[in-house]
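**Q** Got a structure for you, written out below as C-alpha cells; questions coming shortly.
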Amino acid sequence: MVALSTLSLIVGWSLLYITPIFFSVLASIFVFRVYRKLLGWLKFLVIAGLLILAVQTFTYSGFGFSFEGLFYGVSFALRFLTLILLVFIFVHTTPTRKLVEAFSFLPYPLSFMLMLSLNMLPRIEDLAKTIVNAQKARGLNFKTLNVFKVYPPILIPLLSKTLEKSQQLALALQTRGFE
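Take the sequence shown: its letters are residues 952 to 1130, numbered as in the working numbering.
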C-alpha cells in the first residue's frame, strides 16, 4: 500500500489523483489505530501544510496571489501531508524485523542507514515529549500563537540532543569497525 500510494503521488500531479489517496491514508490511520500516536504531531503537520500552501500560493508566479499558485499549493501540501502520513503509518505498524527483511535487497550500508534513521524517529519523538514537558515545567506558555517564542525553546535542544546522539552512534560504529 505504501509503495503504490507513493508511486501514485509521484506520478499524479492532479488533485483528482491526490485527494482520494489522501483520504484513504486518513482512513487507514483509524483502521490501523495509530491516531493516538499522531495527535502529538498534528499541530506541526497542519502548520507545515499551511506554510507550504501559503508559500506556493504567493510565489508561484512572481510575488502575489494567483489561482494557479493556490491550486499548486493545495496539491503540493496534500502530497506532502500524504507522504508524511504514509511514512508514519509504515513505521508505526511494521515490526523492525519485517523492516529489515523488506530492505534486504538494498546494499548493506544503505539498508543499515535506512534502518537506523527509521529507528531514530520514535526516539526523537520521545525526546521531543521530554523537552516539551521540561519547558512546560519552566513556565513556557504553549497557548500563545507566537511561533517564534514557542518553537525555538523546543527545537534548539531537540536538534542539539539529536546531533549529540547521532555523534555518539557514529563513534560507536567507528569503534566497532563499521564502514
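Just so you know, even glycine gets a beta-carbon here, dropped at the ideal spot from N, CA and C. These numbers come from a predicted model, not from an experiment.
(1) Return the Cβ separation of Leu1021 and Thr1010 in integer angstroms, given the expectation that the two are a contact with Cβ distance under 8 Å.
(2) Provide the residue span of the alpha helix (DSSP H) that contains Asn1070, from first to last.
(3) Would you report the Cα separation of Met1064 and Arg1048, rounded to the nearest angstrom?
(4) When you compare only the Cα positions, how much space is there between Ala1079 and Thr970?
(5) For the region 1025-1036 and the region 1046-1060, state whether three or more C-beta atom pairs, one from each stretch, are separated by less than 8 Å.
(6) Alpha helix (DSSP H) containing Arg984: first to last residue?
(7) Sort Leu977, Gly1090 and Gln1119 by Cα distance to Leu993 and report the nearest one.
(8) Can you tell me which of Gly991, Leu1037 and Arg987 puts its alpha carbon nearest to the alpha carbon of Ser975?
(9) Report yes or no: do three or more beta-carbon pairs, one from the region 1101-1108 and one from the region 1064-1077, lie closer than 8 Å?
(10) Please classify Thr1033 as buried or exposed, where buried requires at least 16 neighbouring CB atoms within 10 angstroms.
(11) Please tell me whether Leu1109 and Ile1082 are closer than 7 Å, where the distance is taken between their beta carbons.
(12) Just checking: is the beta-carbon of Leu993 within a distance shorter than 7 Å of some beta-carbon in chain C?
(13) Where do the ends of the alpha helix (DSSP H) carrying Lys1112 lie?
(14) Which stretch, first to last residue, makes up the alpha helix (DSSP H) that contains Phe1027?
(15) Residues in its own chain within less than 8 Å of Val1051 by CB, not counting five upstream and five downstream?
(16) Is the separation between the beta-carbon of Leu1069 and that of Val1042 shorter than 7 Å?
(17) Smallest Cα separation from Ile1035: which of Arg1089, Gly1128, Ala1088 and Leu989?
(18) If you count every other CB in all the chains shown that lies within 10 Å of the CB of Leu1004, and 16 or more means buried, which is it?
**A** For this structure:
(1) Taking the first residue of the sequence shown as 1, we reach residue 1021 at position 70. Taking the first residue of the sequence shown as 1, we reach residue 1010 at position 59. That pair is no contact at about 12 Å.
(2) Position 119 of the sequence shown, counted from the start, is the residue given in the question as residue 1070. In the DSSP assignment, Asn1070 falls within the alpha helix (DSSP H) that extends over Tyr1059 to Ala1088.
(3) Translated into positions along the sequence shown, residue 1064 becomes position 113. Translated into positions along the sequence shown, residue 1048 becomes position 97. Approximately 15 Å between the Cα atoms of the pair.
(4) For the purposes of this step, residue 1079 is taken as the residue at position 128 of the sequence shown. For the purposes of this step, residue 970 is taken as the residue at position 19 of the sequence shown. Answer to the nearest angstrom: the Cα atoms are 31 Å apart.
(5) no
(6) In the sequence shown, the residue the question calls residue 984 occupies position 33. Segment: none, Arg984 is in no alpha helix (DSSP H) and carries neither H nor E.
(7) The residue labelled residue 993 in the question sits at position 42 within the sequence shown. Ranking Leu977, Gly1090 and Gln1119 by Cα distance to Leu993 puts Leu977 first.
(8) As a working mapping, residue 975 is identified with position 24 in the sequence shown. Of the listed residues, the one whose Cα sits closest to Ser975 is Leu1037.
(9) no
(10) By one-based count along the sequence shown, residue 1033 stands at place 82. The residue is buried, with at least 16 neighbouring Cβ atoms inside 10 Å.
(11) Working through the sequence shown from its first residue, we reach residue 1109 at position 158. Working through the sequence shown from its first residue, we reach residue 1082 at position 131. Yes, these two residues count as a Cβ contact at 7 Å.
(12) The chain inventory of the structure shown lacks chain C, comprising one protein chain alone.
(13) Mapped onto the sequence shown, residue 1112 falls at position 161. Pro1103 to Thr1126 is the extent of the alpha helix (DSSP H) around Lys1112.
(14) As a first step, residue 1027 must be located in the sequence shown, where it is residue number 76. Note, Phe1027: alpha helix (DSSP H), Phe1018 to Thr1044.
(15) The residue you call residue 1051 lines up with position 100 of the sequence shown. Result list for Val1051: Ser1062 and Met1066, in chain order.
(16) On the sequence shown, residue 1069 is found 118 positions in, with the first residue counted as 1. On the sequence shown, residue 1042 is found 91 positions in, with the first residue counted as 1. For Leu1069 and Val1042, yes; Cβs fall inside 7 Å.
(17) Locating residue 1035 in the sequence shown gives position 84, counting from the first residue. Residue Leu989 is the option with its Cα nearest to Ile1035.
(18) Here residue 1004 refers to the residue found at position 53 when the sequence shown is read from its first residue. Burial of Leu1004 is indicated by the presence of at least 16 other C-beta atoms within 10 angstroms of its C-beta.
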